[in-house]
Amino acid sequence: MSLRFQRLLFILLTLVIILSAVLLILYNTRENVSYFYTPSEIDKSEIIINKIIRIGGFVENNSFNKISSSSFKFKITDEKTSILVTFKGILPDLFREGQGAVIEGAFVDKNIFNATNVFAKHDENYMPASIKEDLKDTGYWNKKYK
Amino acid sequence: MLIVKDLSVERINKKIFENINLSLTPGNITILKGKNGSGKTTLLKTMLNIIEPSAGSIFWKGKLLKRNFYDFYNHTTYIADTTSSLKKLTVKDNVNIWRKFFISNINDAQIEMALKTLKLDNYLNKKVATLSFGETKKLEFLRLIIENKKVWILDEPLSNLDEDSIELMKQTFEDHSSKEGSIIFSSHQNPGIYVTEEIEL
Amino acid sequence: MNFLNKIIFFYYREYKLNMSGAQDILTNIIFFFVSIFIFIFSIGPDKQTISIIGVGILWTLLLLSSTLSLRKFYQDDFENGNLIIMHLNGLSFGFIAILKTFSHFIFVQIPFLLSIPIACILLNIANDKLFYLFASFGIGSLILSCLGSISSSMNLMNQRNFLLGSVIIMIFSVPIIIFSVGIINMEESFNSLINILFGILLIVFAINPWASGLCLKLSLENN
Amino acid sequence: MKFLVNPSKFNEMADYIFKPVLILSIILFAIGLLFSFYLSPDDYQQGSSVRIMYVHVPSAWLALLTYAIMTLYSIMALAFRIPFGFIFNTAVAPIGAVFTLICIISGSLWGKPMWGTWWVWDARLTSVAILFIIYLIIIFMNLSFENRIVREKVVAIFVLVGSVNLPIVKFSVDWWNTLHQPATISKLSKPSIDPSMMTPLIIMTFAFIMIGIAIAILRIKTEIISRKSYLS
Numbered sequence: 287m288s289l290r291f292q293r294l295l296f297i298l299l300t301l302v303i304i305l306s307a308v309l310l311i312l313y314n315t316r317e318n319v320s321y322f323y324t325p326s327e328i329d330k331s332e333i334i335i336n337k338i339i340r341i342g343g344f345v346e347n348n349s350f351n352k353i354s355s356s357s358f359k360f361k362i363t364d365e366k367t368s369i370l371v372t373f374k375g376i377l378p379d380l381f382r383e384g385q386g387a388v389i390e391g392a393f394v395d396k397n398i399f400n401a402t403n404v405f406a407k408h409d410e411n412y413m414p415a416s417i418k419e420d421l422k423d424t425g426y427w428n429k430k431y432k
Numbered sequence: 659m660l661i662v663k664d665l666s667v668e669r670i671n672k673k674i675f676e677n678i679n680l681s682l683t684p685g686n687i688t689i690l691k692g693k694n695g696s697g698k699t700t701l702l703k704t705m706l707n708i709i710e711p712s713a714g715s716i717f718w719k720g721k722l723l724k725r726n727f728y729d730f731y732n733h734t735t736y737i738a739d740t741t742s743s744l745k746k747l748t749v750k751d752n753v754n755i756w757r758k759f760f761i762s763n764i765n766d767a768q769i770e771m772a773l774k775t776l777k778l779d780n781y782l783n784k785k786v787a788t789l790s791f792g793e794t795k796k797l798e799f800l801r802l803i804i805e806n807k808k809v810w811i812l813d814e815p816l817s818n819l820d821e822d823s824i825e826l827m828k829q830t831f832e833d834h835s836s837k838e839g840s841i842i843f844s845s846h847q848n849p850g851i852y853v854t855e856e857i858e859l
Numbered sequence: 154m155n156f157l158n159k160i161i162f163f164y165y166r167e168y169k170l171n172m173s174g175a176q177d178i179l180t181n182i183i184f185f186f187v188s189i190f191i192f193i194f195s196i197g198p199d200k201q202t203i204s205i206i207g208v209g210i211l212w213t214l215l216l217l218s219s220t221l222s223l224r225k226f227y228q229d230d231f232e233n234g235n236l237i238i239m240h241l242n243g244l245s246f247g248f249i250a251i252l253k254t255f256s257h258f259i260f261v262q263i264p265f266l267l268s269i270p271i272a273c274i275l276l277n278i279a280n281d282k283l284f285y286l287f288a289s290f291g292i293g294s295l296i297l298s299c300l301g302s303i304s305s306s307m308n309l310m311n312q313r314n315f316l317l318g319s320v321i322i323m324i325f326s327v328p329i330i331i332f333s334v335g336i337i338n339m340e341e342s343f344n345s346l347i348n349i350l351f352g353i354l355l356i357v358f359a360i361n362p363w364a365s366g367l368c369l370k371l372s373l374e375n376n
Numbered sequence: 006m007k008f009l010v011n012p013s014k015f016n017e018m019a020d021y022i023f024k025p026v027l028i029l030s031i032i033l034f035a036i037g038l039l040f041s042f043y044l045s046p047d048d049y050q051q052g053s054s055v056r057i058m059y060v061h062v063p064s065a066w067l068a069l070l071t072y073a074i075m076t077l078y079s080i081m082a083l084a085f086r087i088p089f090g091f092i093f094n095t096a097v098a099p100i101g102a103v104f105t106l107i108c109i110i111s112g113s114l115w116g117k118p119m120w121g122t123w124w125v126w127d128a129r130l131t132s133v134a135i136l137f138i139i140y141l142i143i144i145f146m147n148l149s150f151e152n153r154i155v156r157e158k159v160v161a162i163f164v165l166v167g168s169v170n171l172p173i174v175k176f177s178v179d180w181w182n183t184l185h186q187p188a189t190i191s192k193l194s195k196p197s198i199d200p201s202m203m204t205p206l207i208i209m210t211f212a213f214i215m216i217g218i219a220i221a222i223l224r225i226k227t228e229i230i231s232r233k234s235y236l237s
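Chains as they are written, first to last, in our numbering: chain V, 287 to 432; chain G, 659 to 859; chain E, 154 to 376; chain P, 6 to 237.
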């Protein structure tokens with residue numbers, strides 16, 4: 287075997303290894319490297335009380351309740367299931383019903399999630415405020431939940 | 659066997675040496691002479707295919723050395739100007755490691771003989787770090803015997819040696835060249851060793 | 154057969170070297186444990202907190218202590234010319250890198266792995282997590298050895314700023330730590346996470362001989 | 006296209022295009038800033054804060070683009086022995102670092118009012134932070150080797166090894182759940198951004214590219230000259 291052939295063989299071997307490794311990683315990372323869980327993922331798995339996790343989804347329409355000036359109650363949903371959340375603190379500007387949000391906190395009960403931090407998540411759509419009104423009037427505006 | 663043709667090496671566009679021609683044939687002893695910084699070590703490393711030449715080519719057994727260097731390595735012993743023996747270990751351990759690592763066919767009696775002639779037999783269980791500089795140098799030469807190869811490439815083998823040892827080296831060199839071996843070594847002074855070829859850098 | 158012998162005696166040599174400097178390895182382990190003590194005292198007596206962040210502490214310290222021994226990775230062999238001798242003995246630079254990586258894994262990382270159970274007792278980590286710890290640390294420390302080989306071969310000629318080598322390892326070990334801490338916290342997704350770690354290992358293992366070999370050759374060429 | 010690999014050809018070309026590029030970048034910046042501050046509309050959700058996008062997005066793109074080009078040049082330099090690649094790597098790394106820094110700072114200024122936090126450790130933000138540190142390591146490597154040949158080759162190898170991070174930065178928002186929103190503009194689908202907001206974004210991107218090219222020309226020329234003075 288000449289040196290050149292050996293070298294070529296090693297290069298091929300390296301590429302095969304790297305390729306298979308990349309496939310292995312991509313195949314397995316789908317679910318695991320999440321910054322947050324969705325409500326239906328939570329629903330499927332067992333709820334551990336007092337374990338700090340993050341949940342991401344949309345604030346359900348007509349679920350937002352102001353208990354006092356700095357304490358709130360709302361539901362986070364992904365259109366399949368929803369989770370009741372309580373929060374004490376200052377909400378970000380973008381937080382409103384129908385808007386994406388990521389909340390950090392822990393379940394205090396099987397059904398109640400106590401949030402310590404609330405982040406608003408905005409989507410990749412950008413459009414002028416005026417146009418959105420027009421779209422809403424014609425019914426063309428149709429927001430997709432993730 | 660090894661033919662060096664029009665070899666030049668430059669680094670960061672500074673020429674180190676130019677158009678060196680030499681050949682290592684069985685039985686000859688070549689000396690590389692030159693001042694400090696004239697590129698003796700560089701030339702030796704280039705001949706070992708460690709440094710890439712900027713021009714010229716080296717052939718081993720009629721093939722380009724670049725394509726064939728492992729075969730060349732099988733026939734070559736290189737001794738650098740640094741001490742390659744492991745300082746933390748004893749002389750005996752070092753010798754054992756080398757014998758195993760180079761898969762040497764030298765037997766114990768020959769090693770003992772060599773140690774005796776090099777006057778290292780009293781230090782067998784001492785750590786290399788406690789030896790003097792000249793003694794570690796002599797320990798390096800033990801590799802010539804352990805590896806038992808045809809081509810010897812030696813970088814400054816004679817510096818820091820006393821006269822007895824130089825005399826010993828002289829005999830070893832002549833012995834090796836009479837056994838169809840070839841030697842190239844560098845030196846910055848006149849060693850008083852019989853050489854067949856002299857190259858000035 | 155000849156080739157196999159060379160590999161065996163490479164490790165014989167590494168074994169002799171490491172055993173004669175066994176105090177270096179022991180110092181590393183002492184560093185590991187002393188740091189654990191310091192963590193415990195700086196956090197306070199709350200056992201609950203310590204057991205939550207224990208795995209993170211273990212990983213951080215493993216990373217730090219294995220970067221401490223980096224200086225030795227190639228530097229000694231580079232300076233006394235043994236790298237050239239090994240190469241002249243028929244081992245290519247890439248292959249030397251692979252052999253050295255395993256040698257680092259065996260003689261530096263394995264002692265850490267063996268001391269993990271004791272560290273677990275100190276850090277109040279539950280016993281049933283030991284298997285997951287060993288699995289993630291086993292793969293993770295091999296990855297660290299590969300990264301160590303790459304970064305220390307890169308920094309052979311770097312006389313001024315040696316800390317750079319540690320920074321290189323640390324920045325590339327961020328994903329490893331994310332996944333291996335994930336293994337311990339989310340036992341239900343053990344399989345997929347261990348596969349990811351294994352994938353990362355394959356990648357660094359495939360890159361290692363090329364990158365380290367090239368750097369070794371470069372450094373020897375220009376030394 | 007020889008000026009992309011040949012230092013002396015590059016110098017000739019650079020003399021031609023430097024002034025036009027600089028002037029163009031100033032003009033584009035003027036128009037772009039005018040558009041982004043006054044002529045573009047408020048977003049339907051984010052209001053005025055959306056204007057940060059016109060700095061954030063171009064700098065993020067350029068941070069990635071710079072690294073991608075550095076990777077290409079490293080491959081060229083190592084595999085095909087084109088020394089201009091080393092010159093390029095040395096000269097351009099700080100520019101990439103600055104773009105990344107602008108991206109991070111503007112991003113956290115944007116994140117505070119919108120998300121409610123300066124910084125979170127989601128996949129996108131973490132990988133960008135790693136990109137920034139990789140840039141810093143490249144810069145420090147360039148400063149800390151005595152031997153130039155070793156230095157530039159080692160840096161090129163490091164650039165190649167670090168390029169693993171590029172696809173992670175780019176696709177992190179698609180592969181994983183992140184707080185950061187997915188890409189607005191991608192090749193496969195129609196961009197989900199209104200033309201009135203797309204215009205300033207594109208103008209600002211070109212302004213960033215032009216200023217990037219101008220600084221790169223200056224730095225590469227300096228690098229070429231400093232190498233020549235070493236030689237003679």
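The beta carbon of each residue, even a glycine, is placed where N, CA and C say it ideally should be.
| request: Using only alpha-carbon positions, find the residue among G:742, G:746, G:698, G:733 that is nearest to residue 762 of chain G. | output: G:733
| task | Specify the secondary structure class of residue 414 of chain V as computed by DSSP and reduced to three states. | result | strand
| task | Pull up the distance between the alpha-carbon of residue 817 of chain G and that of residue 331 of chain E, whole angstroms please. | result | 56 Å
| Pick from E:230, E:262, E:168, E:174 that is closest to residue 214 of chain E, judged by C-alpha positions | E:262
| query | Listed in chain order, which residues of the stretch 143 to 171 of chain P have Cβ atoms closer than 7 Å to some Cβ of chain E? | reply | 145, 146, 149, 150, 151, 152, 154, 155, 158, 159, 162, 163, 166
| In terms of residues, what are the limits of the alpha helix (DSSP H) holding residue 845 of chain G? | Segment 840 to 845 is the beta strand (DSSP E) holding residue 845 of chain G; no alpha helix (DSSP H) there.
| field | Identity of the residues DSSP links to residue 48 of chain P by a beta bridge | value | V:414, P:52
| CB-CB under 6 Å to residue 56 of chain P, same chain, minus the five flanking residues each way: which ones, in chain order? | 41
| request: Label residue 133 of chain P either buried or exposed according to how many other C-beta atoms from any shown protein chain fall within 10 Å of its C-beta, with 16 as the threshold for buried. | output: buried
| Would you say the stretch 322 to 335 of chain V touches the stretch 366 to 376 of chain V, given that touching needs at least three Cβ pairs under 8 Å? | yes
| task | Indicate the three-state DSSP secondary structure (helix, strand or coil) for residue 736 of chain G in the structure shown. | result | strand
| said: Suppose contacts are defined by Cβ-Cβ distances below 8 Å. Is residue 344 of chain V in contact with residue 375 of chain V by that definition? | reply: no
| said: Along the chain, where does the alpha helix (DSSP H) containing residue 73 of chain P start, and where does it finish? | reply: 58 to 84
| task | Please say whether residue 346 of chain V and residue 372 of chain V have beta carbons closer to each other than 8 Å? | result | no
| request: Use the C-beta contact count for residue 755 of chain G: other C-beta atoms within 10 angstroms, 16 or more gives buried, fewer gives exposed. | output: buried
| said: Considering only the alpha carbon of each residue, which of P:13, P:54, P:127, P:198 lies closest to residue 114 of chain P? | reply: P:54
| said: Can you check whether the C-beta of residue 359 of chain E is within less than 8 Å of a C-beta belonging to chain V? | reply: yes
| field | Neighbourhood of residue 326 of chain E by C-beta, 7 Å cutoff - its chain only, sequence neighbours within 5 removed | value | 216, 297, 300
| said: Is it buried or exposed, residue 127 of chain P, if we count other Cβ atoms within 10 angstroms and call 16 or more buried? | reply: buried
| Unbroken beta strand (DSSP E) runs of length 3 or more, entirely within the stretch 230 to 289 of chain E: which are they? | none
| query | Roughly how many whole angstroms lie between the Cα atoms of residue 664 of chain G and residue 64 of chain P? | reply | 52 Å
| said: Counting only beta-carbon separations shorter than 8 Å, does residue 407 of chain V have a partner in chain P? | reply: yes
| Beta-carbon of residue 162 of chain E versus every beta-carbon of chain G: anything under 8 Å? | yes
| said: Do residue 169 of chain E and residue 779 of chain G have their beta-carbon atoms positioned less than 8 Å apart in this structure? | reply: no
| request: Quick one: list the residues of chain E neighbouring residue 139 of chain P, beta-carbon separation under 7 Å, in chain order. | output: 324
| field | C-alpha distance - residue 787 of chain G paired with residue 741 of chain G, whole-angstrom precision | value | 10 Å
| Nearest to residue 397 of chain E by alpha carbon, out of E:175, E:224, E:163? | Given that chain E is displayed from residue 154 to residue 376, the structure contains no residue 397 of chain E and the question cannot be resolved.
| field | Rounded straight-line distance, which links the Cα of residue 180 of chain E to that of residue 809 of chain G | value | 44 Å
| message | Just checking residue 28 of chain P against the ligand SAM - is the residue's beta carbon closer than 7 Å to any of the ligand's heavy atoms? | response | Among the ligands in the structure shown, none appear at all, so the ligand SAM cannot be discussed.
| Does any C-beta atom of chain G lie closer than 8 Å to the C-beta of residue 237 of chain E? | yes
| said: Using a 10 Å radius around the Cβ and a threshold of 16 neighbouring Cβ atoms, would you call residue 397 of chain V buried or exposed? | reply: exposed
| field | Cutoff 8 Å: residue 380 of chain E Cβ touching any chain P Cβ | value | This structure cannot speak to residue 380 of chain E, because chain E is shown only from 154 to 376.
| request: Under 9 Å between beta-carbons, which chain P residues line up against residue 312 of chain E? List them in chain order, please. | output: 149, 150, 151
| said: residue 314 of chain E and residue 168 of chain P - do their beta-carbons sit closer together than 8 Å? | reply: no
| message | Taking 8 Å as the threshold (beta carbon to beta carbon), is residue 135 of chain P in contact with chain E? | response | yes
| said: Just list the residues that DSSP pairs residue 401 of chain V with in beta bridges. | reply: V:373, V:391
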